[in-house]
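Peer 1: Questions regarding the structure given below will be posed in turn.
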Amino acid sequence: MQYRRLGKSGLKLSLLSFGSWVSFHKQIDDKKATELMGLAYDHGVNFFDNAEIYALGESERMMGRVIKKMKWERSSYCVSSKVYFGWRGEQNKPNQTGLSRKHIIEGCHEAMQRLQVDYLDLYFCHRPDKETPIEETVLAMNTLIQQGKILYWGTSEWSAAEIMEAQRVASEYRIIGPTMEQPQYNLFEREKMENEYLTVFRDARIGTTIWSPLGSGLLSGKYLEKVPKGSRLGMKGFEWLNERWLNPTNLARVKNYRSLPQKWT
Ligand SMILES: NC(=O)c1ccc[n+]([C@@H]2O[C@H](COP(=O)([O-])OP(=O)(O)OC[C@H]3O[C@@H](n4cnc5c(N)ncnc54)[C@H](OP(=O)(O)O)[C@@H]3O)[C@@H](O)[C@H]2O)c1
Numbered sequence: 006m007q008y009r010r011l012g013k014s015g016l017k018l019s020l021l022s023f024g025s026w027v028s029f030h031k032q033i034d035d036k037k038a039t040e041l042m043g044l045a046y047d048h049g050v051n052f053f054d055n056a057e058i059y060a061l062g063e064s065e066r067m068m069g070r071v072i073k074k075m076k077w078e079r080s081s082y083c084v085s086s087k088v089y090f091g092w093r094g095e096q097n098k099p100n101q102t103g104l105s106r107k108h109i110i111e112g113c114h115e116a117m118q119r120l121q122v123d124y125l126d127l128y129f130c131h132r133p134d135k136e137t138p139i140e141e142t143v144l145a146m147n148t149l150i151q152q153g154k155i156l157y158w159g160t161s162e163w164s165a166a167e168i169m170e171a172q173r174v175a176s177e178y179r180i181i182g183p184t185m186e187q188p189q190y191n192l193f194e195r196e197k198m199e200n201e202y203l204t205v206f207r208d209a210r211i212g213t214t215i216w217s218p219l220g221s222g223l224l225s226g227k228y229l230e231k232v233p234k235g236s237r238l239g240m241k242g243f244e245w246l247n248e249r250w251l252n253p254t255n256l257a258r259v260k261n262y263r264s265l266p267q268k269w270t
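Remember, this note's numbering sits 5 above the position in the sequence shown when you count from 1.
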């Protein structure tokens with residue numbers, strides 16, 4: 006396994022990480038999750054990614070049970086959560102979502118409980134919150150760092166301008182700004198990573214932990230003929246994902262990518 010520093014920080018993460026979105030609780034049980042996380046860990050994966058909204062908190066609970074069972078040294082792996090969407094779905098009350106100080110701090114406490122850890126290594130703002138001043142979010146994240154409840158904080162799907170604003174606020178207060186951004190990055194979605202974020206990488210030296218590298222599996226070619234049984238684009242509750250990905254244009258692009266010599270893709 007190769008390891009790379011996360012942006013300008015000293016944290017070293019494995020090139021491949023392990024995410025639990027869709028699969029934990031919805032596709033696999035504790036036994037399979039233990040087997041898969043064990044395999045990943047034994048092959049050098051040191052970053053396990055999660056979020057409060059995944060399976061409405063059940064994904065973190067499952068990962069927490071696996072981590073506890075494995076008895077890995079806490080210093081040997083990193084675990085993340087993401088705050089913004091809440092975990093109560095349609096039952097979310099007004100302060101149970103977003104990036105206010107209240108939800109950031111409470112969301113962190115709840116994620117630590119579900120994951121059964123004393124601190125989160127990485128904590129992401131899962132989306133920008135247009136209703137909360139960025140200053141409030143940056144200060145709340147810094148508070149959690151000072152309290153030792155999170156070690157690094159970052160963003161996911163923020164614009165370059167929003168990330169730079171968070172950096173500016175952190176510099177103004179001389180506190181800790183975002184270390185990483187988690188954007189979608191695959192052959193369909195290249196704009197942010199390859200264009201918009203260039204100044205963010207150069208000037209703020211933000212690191213990335215990207216998501217959906219295979220476009221939810223579409224890029225594996227598995228959907229070219231039909232939707233295979235048990236795959237996520239055929240799952241109940243994921244019709245929106247199917248609608249987003251499965252259309253003639255995308256399928257034609259997958260066919261095209263797959264016909265190119267490997268060195269070009
Ligand atoms: N920050 C965010 O907003 C955000 C959003 C999404 C994800 N994430 C994170 O990023 C992680 C990865 O995202 P992702 O799950 O969308 O990644 P992905 O690599 O695009 O999709 C993974 C899925 O593709 C299918 N697949 C992969 N390889 C395959 C193969 N060789 N043959 C057949 N099917 C294959 C499997 O799904 P099936 O078996 O179900 O078909 C697999 O679970 C998530 O777990 C989560 O931690 C973050």
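Glycine included, every Cβ here is placed at the ideal spot set by N, Cα and C.
This structure is a prediction, so every number in the text was calculated from the model and none was measured.
1. If I follow the unbroken beta strand (DSSP E) through Leu125, where does it start and stop?
2. Got a sec: does ligand 1 put a non-hydrogen atom nearer than 7 angstroms to the Cβ of Asp54?
3. Is it a yes or a no for the region 135-150 touching the region 90-98, going by three-plus beta-carbon pairs under 8 angstroms?
4. Applying the criterion that 16 or more other CB atoms from any shown protein chain within 10 Å of the CB defines a buried residue, is Ala60 buried or exposed?
5. Run the CB neighbour count on Leu223, radius 10 Å, all protein chains shown included, and call it buried at 16 or more, exposed below.
6. Just how far apart, CA to CA, sit Glu199 and Ser217?
7. Out of Lys37, Val232, Tyr262, point me to the one whose CA is closest to Leu246's CA.
8. Under 8 angstroms, do Pro183 and Ile168 count as touching if we go by C-beta distance?
9. Taking just the CA atoms, how far does Phe206 sit from Gln152?
10. Please confirm whether Leu44 and Ser86 have their CB atoms less than 8 angstroms apart.
11. So, Tyr8 versus Phe53, is the Cβ gap smaller than 8 angstroms?
Peer 2: So, to answer that:
1. Position 120 of the sequence shown, counted from the start, is the residue given in the question as residue 125. Residues 125-130.
2. Against the sequence shown, residue 54 aligns to sequence position 49. For ligand 1, at least one heavy atom lies less than 7 angstroms from the Cβ of Asp54.
3. These segments do not touch.
4. Translated into positions along the sequence shown, residue 60 becomes position 55. That one is buried.
5. Mapped onto the sequence shown, residue 223 falls at position 218. Its Cβ being crowded by 16 or more others within 10 Å, Leu223 is buried.
6. In the sequence shown, counting from the first residue as 1, residue 199 sits at position 194. In the sequence shown, counting from the first residue as 1, residue 217 sits at position 212. Each residue's Cα considered, the two are about 16 angstroms apart.
7. On the sequence shown, residue 246 is found 241 positions in, with the first residue counted as 1. With distances taken between Cα atoms, Leu246 lies closest to Val232.
8. By 1-based counting over the sequence shown, the position of residue 183 is 178. By 1-based counting over the sequence shown, the position of residue 168 is 163. Cβ atoms of Pro183 and Ile168: closer than 8 angstroms.
9. The residue given as residue 152 occupies position 147 in the sequence shown. The residue given as residue 206 occupies position 201 in the sequence shown. Between Gln152 and Phe206, the C-alpha separation is close to 28 angstroms.
10. To locate residue 44, count along the sequence shown from 1; it is residue 39. To locate residue 86, count along the sequence shown from 1; it is residue 81. No, the Cβ-Cβ distance between Leu44 and Ser86 is not below 8 angstroms.
11. Residue mapping note: residue 8 aligns to position 3 of the sequence shown, counting from 1. Residue mapping note: residue 53 aligns to position 48 of the sequence shown, counting from 1. Their beta carbons are not under 8 angstroms apart, which means Tyr8 does not touch Phe53 by this criterion.
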